[in-house]
Structure formats: C-alpha cells, structure tokens
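K.L.:
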Amino acid sequence: MKIAIIGTGYVGLVTGVCLASQGHQVICVDKEQSIVAGINHMQSPIYEPGLQELIAPVVSSGNLVATTALKAAVQEAEVSLIAVGTPLGDKGIDLDYVKSSALEIGAVLKEKTDYHVVCVKSTVVPATTDTLVRGILEAASGKRAGEFGLAMNPEFLREGKAVLDFMHPDRIVIGAYDDRSFAVMEGVYAGFDAPIVRTNLRTAEMIKYTANALLATLISYANEIASLCEATGEIDVQEVLAAVALDKRFTPRINNEVIYPEMLQYLQAGCGFGGSCFPKDLKALLAFGRDRGCLPRIVSAAIAINEEQAERILRKLEDKLGSLAGKKIAVLGLAFKPGTDDVRESPSIRIIKGLLQKGAEVCASDPIALEKMKLAIPEAKGVRYTKDYKLALLGAAGALLITPWQEYLEIPPEDYSQLMHYPLVVDCRRALAKNLLESAGVIYAGVGLA
Ligand SMILES: NC(=O)c1ccc[n+]([C@@H]2O[C@H](COP(=O)([O-])OP(=O)(O)OC[C@H]3O[C@@H](n4cnc5c(N)ncnc54)[C@H](O)[C@@H]3O)[C@@H](O)[C@H]2O)c1
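Residue numbers (our numbering): 10 to 459.
1) Is the beta carbon of L312 sitting closer than 9 Å to the one on A406?
2) Near ligand 1, which residues have their beta-carbon closer than 6 Å to a heavy atom?
3) So what does DSSP say about Y425, is it helix, strand or coil?
4) For T24, does the count of other Cβ atoms within 10 angstroms reach 16, so buried, or fall short, so exposed?
5) Starting from the N-terminal side, write out each stretch of the alpha helix (DSSP H) that is 4 residues or longer and does not extend beyond the segment 212 to 287.
6) Using only alpha-carbon positions, find the residue among Q366, R359 and V451 that is nearest to Q411.
7) Decide yes or no for the touch test of the segment 97 to 114 against the segment 173 to 182: beta carbon pairs closer than 8 Å, at least 3 of them.
8) Below 9 Å between beta carbons: does that hold for I44 and V83?
9) With 16 as the cutoff for other CB atoms within 10 Å, does R439 come out buried or exposed?
10) For E388, does the three-state DSSP call read helix, strand or coil?
11) Considering only their Cβ atoms, is the gap separating K346 from E168 smaller than 9 Å?
12) According to DSSP, is I361 part of a helix, a strand, or is it coil?
13) Taking its Cβ as the centre, do 16 or more other Cβ atoms sit within 10 Å of K399, making it buried, or is it exposed?
14) Please state if the CB of A65 and the CB of V35 are separated by a distance shorter than 9 Å.
15) In the DSSP assignment, the alpha helix (DSSP H) including Q318 goes from what residue to what residue?
16) Please look up how many angstroms separate the CB atoms of A29 and N72, rounded, as I've assumed it's under 8 Å.
17) Spell out the partners DSSP gives Q31 in its beta bridges.
18) What does the alpha-carbon distance come out to for the pair Q31 and G200?
19) Cα-Cα, which of V88, V134, I102 and G184 is closest to H125?
20) For A373, write down the residues that DSSP places opposite it in a beta bridge.
21) Quick check: the segment 122 to 142 against the segment 210 to 217, are at least 3 beta-carbon pairs closer than 8 Å?
This is how it looks when you write it as structure tokens:
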C-alpha cells in the first residue's frame with residue numbers, strides 16, 4: 010500500500026520504517042528539512058535501538074522516502090497517518106499540529122478523486138478525531154466523512170524498544186468511522202501477527218489514555234508507599250512490593266515457576282515517571298476531565314506525587330549532607346530511561362534544577378543523552394557534563410543514580426569509595442546492590458528506605 014505519514018518524529022519515523030520494511034511504499038512527511046534530508050541519507054535523526062539498521066535497506070529499496078511536500082505525498086497515498094506532536098498547552102492538550110495537518114490534508118482531498126483514509130496516530134483526547142479532525146477535513150475538502158475514510162490508531166510503542174514494540178505489538182487498536190475505513194487500516198497492518206481491536210473513534214482514543222494513566226499511576230502508587238516507608242523508618246519499600254507481587258493474582262505460577270508480568274516493573278519506587286508521554290498525557294486527561302466536569306482524581310494524585318518526587322530525593326540528600334551549597338553532586342543518568350537519548354520531562358531535569366537552586370555544583374553524566382540535555386536546560390549553565398562517570402564521581406560529596414543504564418549498574422563499588430570526596434550514593438531507582446556497596450565503604454541511601 011502507499012502510505013503517507015505526517016510528522017516524522019519518534020512515532021512517525023518508527024512507524025514509517027517498520028511499515029516500509031513490511032513492503033509498503035511509505036512517504037514520510039516532516040516540516041523539518043534536516044529530518045527529511047537525514048532520512049533520505051539513511052541517517053536516523055533519533056537514537057532508537059535497531060532503527061538505524063532498518064533505515065538503510067528501506068531507503069535504498071525505495072520503499073521509504075522522506076519529503077517536506079505534504080500535498081504530493083497525500084495525493085499519491087491511499088492512507089495518511091497523522092503522527093505529529095500533541096504537546097501540553099496552557100489549558101490541556103495542544104492540538105495545533107493535528108489541526109494544521111488535517112487542514113493541509115483536507116485541502117488535498119478536495120482535489121483528490123481516489124478514496125483516501127485519514128488516520129490519527131497521535132495521542133489525542135477522546136472525541137478529537139470524530140469532531141475536530143472530521144470537521145476540519147470536511148470543511149477543507151468540501152466532502153463528507155464516508156466519501157473519505159477516517160480512523161484512529163493509537164500507538165503503544167515504548168521509546169528504547171520502539172522498533173521491537175512496533176513489529177511485535179500486543180494489540181493493534183483501530184477505531185474506524187465506517188467499514189471501508191476499517192478495511193483500509195486492516196491492510197496497513199496485514200503483515201502483523203497481533204489481535205486487532207476494532208472500536209469506534211473515541212474508544213480508540215480513550216484506550217490509549219487509560220493505558221498510559223494506569224501505568225503511570227502504578228509508579229506513583231509505589232512512590233507513595235515509598236514515602237510512607239521512609240516516614241515510618243525500618244521498612245524497605247522493595248521488600249514490601251516484592252511480597253505484594255507474590256500474590257498469585259499478580260504473579261501466576263506455571264509448572265511451579267513464578268511468572269512476573271512486565272506490568273510489575275511499573276510498581277516500583279524510584280524518581281518518578283518522565284518521557285514525552287506519561288506526564289503530558291496524564292495532564293491532558295486531567296484537563297479533559299475537568300472541562301467535562303468529571304475530574305479524574307486518581308490521575309490528579311498520580312501527577313502530584315510524581316512532581317513531588319524530585320524534592321523528596323533532594324531532601325534525602327540534604328538529610329545526609331546538610332546544606333548542598335558549594336558541594337559537588339554527581340548525577341548519573343539524564344535520559345528518562347535507559348535505551349533512549351530522550352530527556353523530555355526526565356526526572357533528571359527537576360532534580361538538576363533543584364540541586365542548582367540549593368547551590369550545589371552539578372556534574373552530570375550519561376552515555377548518550379548529554380547533548381539533548383544541554384538543549385533541554387540551556388538556562389542551567391553551571392552544570393558540567395561528561396560521558397565519563399568517573400569524572401562525575403571525582404571529588405563529589407554525593408552521587409544520584411537517576412537512569413539505571415547497565416554501565417552504571419556495573420560501576421565497581423570501589424569507584425565510589427575511592428573517587429568521591431564523601432562516598433554517598435542515593436539509589437533513586439533501587440537498582441544497586443546495597444550490601445556490596447556498603448562493604449566497600451559506600452554510604453547507601455535508597456528511595457523508600459530510611
Ligand atoms: N514518543 C513516544 O514514545 C510516543 C509513543 C506513543 C504515542 N506517542 C504520541 O505520538 C505523537 C507524536 O509523538 P512523537 O514523540 O513522535 O513527536 P515528535 O515531536 O518526536 O515528532 C513530531 C514531528 O512532527 C513534525 N510536524 C509537526 N507538524 C507537522 C506538519 N504539519 N507537517 C509535517 N510534520 C509536522 C515535527 O517537525 C516533528 O518532527 C504524539 O501525540 C505522542 O503523544 C508518542
């Protein structure tokens with residue numbers, strides 16, 4: 010099939026490359042000339058495991074081309090997937106990019122005689138596709154929905170595992186305006202081995218928010234229990250959550266083997282959720298509910314707990330060090346999770362800003378996210394950045410493990426005790442071996458443990 014993808018960021022590019030590798034003819038459209046040029050030169054503009062390797066064959070075979078020319082792409086294609094950003098605005102979700110894409114596509118549909126399906130892949134609040142997008146497309150094209158197809162196909166990929174997730178989805182949710190739209194969308198995913206959930210347009214939108222809000226709420230719930238453990242003393246949240254998880258309703262047994270569903274990875278105390286999706290999607294859902302007089306209170310609490318987590322971590326550091334003014338603090342990890350260079354809404358941002366406010370000297374390390382962080386907090390000029398964690402630790406009065414990159418989990422305990430001025434390690438992910446560190450002379454502090 011000929012597929013146009015509007016917006017070639019994380020979702021658009023991964024979708025485009027994966028669909029092209031399935032034999033579709035994909036035209037990736039982006040406003041950014043540098044992104045388009047990079048793709049056509051077989052260079053991925055983002056770091057995502059496995060993506061770079063897939064780009065070269067699909068570009069050289071001609072199955073994937075990138076362009077800034079939306080009009081020609083939509084003219085040629087049978088289906089357009091809208092994968093532009095949906096950031097958070099002052100009053101909730103900002104749909105400006107979706108609106109302008111719909112307007113441009115609608116103008117092409119006016120002239121186009123072939124049937125064409127417009128599918129929203131961006132995360133949008135319920136009823137966006139069947140009211141706002143449909144209205145714009147109808148007004149711009151002079152046609153009624155039905156004459157063109159309309160669909161909503163939320164994306165569930167996780168950064169760091171995006172290619173794997175896209176190629177092996179748990180389910181493919183397709184909200185469709187009518188049977189004809191659905192049939193076209195089924196063709197897009199013909200090569201995938203996953204159950205297809207067929208719904209109406211707004212249910213598809215709600216499924217995406219419900220999934221993200223549930224996963225983020227698990228994280229905040231674990232952090233709330235962690236705070237209670239710390240406030241009480243002599244309770245380790247990890248011990249608590251591990252025992253809770255042994256309930257067979259969470260961890261079924263198959264042939265006496267305990268099965269740990271991946272969902273339990275979210276029921277872990279840490280420094281809170283970040284990334285381009287959870288924070289903005291929860292806030293968008295909160296604003297959406299508020300506008301409808303139906304405030305989602307659990308979601309509201311999950312956001313508040315998450316936003317307070319950085320301050321709790323800084324208090325932990327101050328409990329051990331007193332004033333942080335003039336003290337060097339090593340921040341290990343900037344990306345919001347391992348496997349990506351994405352720092353959007355990363356907990357490290359709040360933590361670094363808090364450290365600077367308290368007068369600390371910050372030395373931050375990350376294997377791949379340094380450049381993105383420099384752009385994310387240009388105002389934080391005092392931060393020193395290094396790829397070499399040893400330089401970050403050298404002379405530091407405290408180290409915070411923020412992103413559990415494998416190389417940080419493998420730091421020999423002696424590196425902390427020998428390099429640091431005062432070998433205090435705050436394990437913000439509960440990913441380090443406390444006993445091993447302590448036996449090497451490290452002073453260990455962990456989230457959910459006091
Ligand atoms: N990043 C994720 O892990 C993820 C996962 C699932 C869903 N989503 C959702 O997918 C959507 C896209 O997210 P993303 O992270 O890929 O965004 P992104 O910001 O990385 O990419 C969006 C791209 O769209 C381009 N763009 C904007 N308006 C355009 C227009 N009119 N024409 C052409 N290009 C245009 C921008 O230049 C940018 O390159 C969002 O709604 C997001 O919530 C993201």
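Ideal Cβ positions, reconstructed from N, Cα and C, are used throughout, including at glycine.
P.N.:
According to the data block:
1) For clarity, residue 312 is Ile in the given sequence; the question names Leu instead. Contact flag unset, no.
2) Per the Cβ criterion, the list is I15, G16, T17, G18, Y19, V20, G21, V38, D39, K40, E41, I44, L79, A92, V93, G94, T95, Y106, S109, S110, S131, T132, E164, L166, E168, S285 and C286.
3) helix
4) buried
5) Runs of the alpha helix (DSSP H) spanning 4 or more residues and lying entirely within the segment 212 to 287 occur at 246 to 254, in chain order.
6) The sequence shown places Ile at residue 411, rather than the Gln named in the question. Taking only the C-alpha atoms, the option nearest I411 is R359.
7) The segment 97 to 114 and the segment 173 to 182 do not touch, with fewer than 3 CB-CB distances between them shorter than 8 Å.
8) Against a cut-off of 9 Å, the Cβ pair of V83 and I44 comes out as no contact.
9) buried
10) coil
11) yes
12) helix
13) Under the 10 Å beta carbon count, K399 is surrounded by fewer than 16 other beta carbons and is classified as exposed.
14) no
15) R306 to L330
16) 4 Å
17) In the DSSP output, where bridge partners are listed per residue, Q31 has none listed.
18) 7 Å
19) V88
20) V340 and Y394
21) yes
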